[in-house]
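Participant: Protein chains in written order, with the numbering used here: chain A, 1213 to 1524; chain B, 1213 to 1524.
The beta-carbon is built from N, C-alpha and C at its ideal position, and this holds for glycine as well.
Dropping the structure in here first, questions after.
There are 2 protein chains.
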Amino acid sequence: MTDTPRLRGALAPVVTPFTADLAPDPARLVAHCRWLLDNDTGLAVFGTNSEGNSLSVAEKIALLDALVDAGIPPSRMMPGTGCCALPDTVALTRHAVRNGCAGVLMLPPFYYKGVSDDGLFASYAEVIERVGDAGLRIYLYHIPQVSQVPLAIGLIERLLDRYPGTIAGIKDSSGNFDNTRAMLERWNARGFDVFSGSETFLLATLRGGGAGCISATANVNPAPIARLARDWRKPDADAKQAALDRARTIFQSFPMVAALKAAIADFSDDDNWARLRPPLVALTHEERNALGERLRAIGFAMPGLADETAAA
Amino acid sequence: MTDTPRLRGALAPVVTPFTADLAPDPARLVAHCRWLLDNDTGLAVFGTNSEGNSLSVAEKIALLDALVDAGIPPSRMMPGTGCCALPDTVALTRHAVRNGCAGVLMLPPFYYKGVSDDGLFASYAEVIERVGDAGLRIYLYHIPQVSQVPLAIGLIERLLDRYPGTIAGIKDSSGNFDNTRAMLERWNARGFDVFSGSETFLLATLRGGGAGCISATANVNPAPIARLARDWRKPDADAKQAALDRARTIFQSFPMVAALKAAIADFSDDDNWARLRPPLVALTHEERNALGERLRAIGFAMPGLADETAAA
Chain A
1213 MTDTPRLRGA LAPVVTPFTA DLAPDPARLV AHCRWLLDND TGLAVFGTNS
1263 EGNSLSVAEK IALLDALVDA GIPPSRMMPG TGCCALPDTV ALTRHAVRNG
1313 CAGVLMLPPF YYKGVSDDGL FASYAEVIER VGDAGLRIYL YHIPQVSQVP
1363 LAIGLIERLL DRYPGTIAGI KDSSGNFDNT RAMLERWNAR GFDVFSGSET
1413 FLLATLRGGG AGCISATANV NPAPIARLAR DWRKPDADAK QAALDRARTI
1463 FQSFPMVAAL KAAIADFSDD DNWARLRPPL VALTHEERNA LGERLRAIGF
1513 AMPGLADETA AA
Chain B
1213 MTDTPRLRGA LAPVVTPFTA DLAPDPARLV AHCRWLLDND TGLAVFGTNS
1263 EGNSLSVAEK IALLDALVDA GIPPSRMMPG TGCCALPDTV ALTRHAVRNG
1313 CAGVLMLPPF YYKGVSDDGL FASYAEVIER VGDAGLRIYL YHIPQVSQVP
1363 LAIGLIERLL DRYPGTIAGI KDSSGNFDNT RAMLERWNAR GFDVFSGSET
1413 FLLATLRGGG AGCISATANV NPAPIARLAR DWRKPDADAK QAALDRARTI
1463 FQSFPMVAAL KAAIADFSDD DNWARLRPPL VALTHEERNA LGERLRAIGF
1513 AMPGLADETA AA
């Protein structure tokens, strides 16, 4: 993993397809990952929008193996590995490192609330020590509105000081760009890669020296997001950002994971994609129609998706 | 499990001892469970105060097996089985039912916040259908300040209507007795057993027709709590409640799990008990001294604990 180039640009927290009995569907996941890679988008499998924490550790290990066996390059992967229980986080992280994943995206343990920075430091430190691999690259995952366990600046600083090679960056999903900017200003010089949690802040993050974005909607709009990540110095960057925002706004008007899956189901003409695992639920028929209408109204498309998935 | 009498009275969310390398310690857990049973207190293993969600599913299954193998009666057990991922909750619940546990205490999936009642209903329904055992008794676990996923009255009503034999009761850890009272008034007549989440509300819960309490401090003060649960109709009940409150108030002034473990370590003279798994941390030396002093000042004791643990 140490020789792997650092991940940059656009990554998708890859949505997880389910079969009729709610088991993960590796063939459809592989097809979707291929389409994302074809569109210059990296693979943050097992994230929040992947329903990653609705999957067991064994299911995630089996899916990762299925991806690798299918030839999806681990050098383009940043699987989510942070669980509530230390042995789960260690097992998943170790499996990702051994498979050569470019990095892992690590939630803090998220059951207990109001835990101390000492406790969070110990959580990350135990994982790092137990995995014990110089190739491990951890991207911290700050998503306080979901995890309810924020990662404070002081905690991150302590981790960076203690594990400078291993703490590789962060995904800031707080939705607060002031927070992202503070991280950029503080740690850019230390090779700490800041990803925004939404393409809404992609241009601002890149202009501030950040690495890119890991965004839900990169599942459905990968090429345009990846293009802005690549061409952000060009004069049309603000126009590109505005176009991304128009699509994002539509998806954000619906429950996000359900909307992503409904769009993939519609554009690939494969209703299997519309399933979610409880506690998340699919869009209603009315919501799905409304989403489709609003997407068509802005000329939204997912070029090549139907071919890729049909070939699966 | 259907022939097992319903659990009533005092239950402890049994604290989980760890070895020096932070592995669960089955021998010490068995000894502590014996002491709790000797003191008329049931065993809600793998709860919040058990660091239940800091344990992997495999660890919980191994601990449950160790308890059963040691002769701890499953008829006195209500293990926590609610995880974020459906297959984990199903596996743990199935294992508990097959071992004859009197019930299970089930958190809703707690990673996603703001989920719909439809999604929560589907979560519980999928577990019930997949376990598919008429002997399953589910106690819902309402602890919104930790899970951040409250169980609304309407959701519980729907579950009770659909699975009247299986939805056996609730642990209300909201700390809001108005909520507990509403449940008692609404569902007492339907054989729905309401446990308060703290002995602070034990007398009020029993007077309202409730079943008892499942309380952190039943780990350290089991006999007096169990005595009030048994003798709550006697004239000295209010005095007993006041005595319980004095001990509870002291423990509540510290991080709870750490304080319970520090007290067990001190009263059994076994420092191994003081360990917690990250993200929770042990009391500082100063905190531990302060806890000990305040407990001695009210004459607090844990009779028989040292003998039980020494015999382990």
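With contact counted as at least three CB pairs below 8 Å, one residue from each stretch, are the stretch 1252-1261 of chain B and the stretch 1288-1303 of chain B in contact?
Facilitator: Contact holds: three or more Cβ-Cβ distances are below 8 Å.
Participant: Is DSSP giving alanine 1232 of chain B helix, strand or coil here?
Facilitator: Alanine 1232 of chain B falls in the coil class under three-state DSSP.
Participant: Label serine 1465 of chain A either buried or exposed according to how many other C-beta atoms from any shown protein chain fall within 10 Å of its C-beta, with 16 as the threshold for buried.
Facilitator: Serine 1465 of chain A is exposed by the Cβ-count criterion.
Participant: Hey, leucine 1241 of chain A and threonine 1260 of chain A: beta-carbon distance below 8 Å or not?
Facilitator: Cβ distance not < 8 Å, so leucine 1241 of chain A and threonine 1260 of chain A don't count as in contact.
Participant: Specify the secondary structure class of lysine 1383 of chain A as computed by DSSP and reduced to three states.
Facilitator: Strand, per DSSP.
Participant: Would you mind working out which of A/Ala1243, A/Pro1236, A/Asp1233, A/Leu1248 sits nearest valine 1432 of chain A, comparing C-alpha positions?
Facilitator: Ranking A/Ala1243, A/Pro1236, A/Asp1233, A/Leu1248 by Cα distance to valine 1432 of chain A puts A/Leu1248 first.
Participant: In whole angstroms, give me the CA-to-CA distance for cysteine 1425 of chain A and glycine 1221 of chain A.
Facilitator: If you take the alpha carbons of cysteine 1425 of chain A and glycine 1221 of chain A, they lie about 6 Å apart.
Participant: Please list, in chain order, all residues of the same chain as alanine 1475 of chain B whose beta carbon is under 6 Å from its beta carbon, the five residues on each side excluded.
Facilitator: For alanine 1475 of chain B, where only same-chain residues beyond five positions count, the Cβ hits under 6 Å are Val1432.
Participant: How is tyrosine 1353 of chain B classed by DSSP in three states: helix, strand or coil?
Facilitator: In this structure, tyrosine 1353 of chain B counts as strand in the three-state DSSP scheme.
Participant: In whole angstroms, what separates the C-alpha of alanine 1486 of chain A from that of threonine 1412 of chain A?
Facilitator: Whole-angstrom Cα-Cα distance: 25 Å.
Participant: Give me the subset of the stretch 1293-1310 of chain B whose CB atoms are less than 9 Å from a CB atom of chain A, sorted by chain position.
Facilitator: Those residues of the stretch 1293-1310 of chain B that come within reach of chain A (Cβ to Cβ, closer than 9 Å) are Cys1295, Cys1296, Ala1297, Leu1298, Pro1299, Asp1300, Ala1303.
Participant: Let me check understanding here. Comparing Cα to Cα, which of A/Phe1479, A/Thr1521, A/Ala1364 lies closest to glycine 1504 of chain A?
Facilitator: Residue A/Phe1479 is the option with its Cα nearest to glycine 1504 of chain A.
Participant: Compare the C-alpha of glycine 1516 of chain B against each of B/Glu1498, B/Ala1435, B/Val1493, B/Arg1458 and name the closest.
Facilitator: The candidate whose alpha carbon is nearest that of glycine 1516 of chain B is B/Ala1435.
Participant: For a cutoff of 8 Å on Cβ pairs, would you count glycine 1331 of chain B as touching chain A?
Facilitator: At least one chain A Cβ lies under 8 Å of glycine 1331 of chain B.
Participant: Counting contacts by CB-CB distance shorter than 8 Å, is arginine 1489 of chain A in contact with chain B?
Facilitator: Yes, its Cβ sits closer than 8 Å to a Cβ of chain B.
Participant: For the putative contact between arginine 1489 of chain A and leucine 1234 of chain A, defined by C-beta atoms under 8 Å, what is the C-beta separation to the nearest angstrom?
Facilitator: That pair is a contact at about 5 Å.
Participant: Just checking: is the beta-carbon of valine 1343 of chain A within a distance shorter than 8 Å of some beta-carbon in chain B?
Facilitator: Chain B contact via Cβ: absent.
Participant: Whose C-beta lies closer than 6 Å to the C-beta of cysteine 1295 of chain B among residues of the same chain, with five residues either side of it excluded?
Facilitator: Thr1301.
Participant: What does the alpha-carbon distance come out to for the pair aspartate 1250 of chain A and phenylalanine 1230 of chain B?
Facilitator: Going from the Cα of aspartate 1250 of chain A to the Cα of phenylalanine 1230 of chain B covers about 48 Å.
Participant: Helix, strand or coil for isoleucine 1284 of chain B? Go by DSSP, reduced to three states.
Facilitator: Three-state result, isoleucine 1284 of chain B: coil.
Participant: Let me make sure I understand the geometry here. Which of B/Ser1359, B/Ala1308, B/Leu1298, B/Gly1347 has the alpha-carbon closest to that of lysine 1325 of chain B?
Facilitator: If we check each option's Cα against that of lysine 1325 of chain B, B/Ser1359 comes out closest.
Participant: Please work out which residues of its chain come closer than 8 Å, Cβ to Cβ, to arginine 1419 of chain A, disregarding the five sequence neighbours upstream and downstream, and give them in chain order.
Facilitator: Around arginine 1419 of chain A: Trp1444.
Participant: Would aspartate 1405 of chain A and alanine 1428 of chain A be called neighbours here (beta carbons separated by less than 8 Å)?
Facilitator: No, Cβ-Cβ distance for aspartate 1405 of chain A and alanine 1428 of chain A is not below 8 Å.
Participant: Compute the beta-carbon to beta-carbon distance between histidine 1244 of chain A and isoleucine 1273 of chain A, rounded to the nearest angstrom, for a pair I have assumed lies under 8 Å.
Facilitator: In fact, because the Cβ distance is near 19 Å, the residues do not count as touching under 8 Å.
Participant: What would DSSP say about methionine 1213 of chain A, mapped onto helix, strand or coil?
Facilitator: Here methionine 1213 of chain A scores only 47 on pLDDT, less than 50, and its place in the model should not be relied on; the value that follows carries that caveat. Of the three classes helix, strand and coil, the one that applies to methionine 1213 of chain A here is coil, per DSSP.
Participant: Cα-Cα, which of B/Pro1217, B/Ala1509, B/Ala1438 is closest to arginine 1349 of chain B?
Facilitator: It is B/Pro1217 whose Cα lies nearest to the Cα of arginine 1349 of chain B.
Participant: List, in chain order, every chain B residue whose beta-carbon is nearer than 7 Å to that of alanine 1187 of chain A.
Facilitator: Shown here, chain A extends from 1213 to 1524; a query on residue 1187 of chain A therefore has no answer.
Participant: By DSSP's criteria, phenylalanine 1407 of chain A is part of a beta bridge. Which residues make up the other side?
Facilitator: In DSSP, phenylalanine 1407 of chain A forms a bridge with A/Lys1383, A/Gly1424.
Participant: For the putative contact between asparagine 1265 of chain B and tyrosine 1375 of chain A, defined by C-beta atoms under 8 Å, what is the C-beta separation to the nearest angstrom?
Facilitator: With a Cβ gap of about 25 Å, asparagine 1265 of chain B and tyrosine 1375 of chain A do not count as contacting.
Participant: Classify glycine 1210 of chain A as helix, strand or coil using the three-state DSSP reduction.
Facilitator: The requested residue 1210 of chain A is not part of the displayed model; chain A covers only 1213 to 1524.
Participant: Considering only C-alpha positions, which residue in the set A/Pro1238, A/Arg1246, A/Pro1225, A/Leu1219 is nearest to glutamate 1520 of chain A?
Facilitator: Measuring from the Cα of glutamate 1520 of chain A, the nearest candidate turns out to be A/Arg1246.
Participant: For valine 1316 of chain A, would you say it is in contact with chain B, using Cβ-to-Cβ distances shorter than 8 Å as the test?
Facilitator: For valine 1316 of chain A, the answer is no, since every Cβ of chain B falls outside 8 Å of its Cβ.
Participant: What residue does the alpha helix (DSSP H) around alanine 1239 of chain B start on, and which one ends it?
Facilitator: Alanine 1239 of chain B -> alpha helix (DSSP H) spans 1238-1250.
Participant: Along the chain, where does the alpha helix (DSSP H) that runs through leucine 1507 of chain B open and close?
Facilitator: Counting along the chain, the alpha helix (DSSP H) containing leucine 1507 of chain B begins and ends at 1497-1509.
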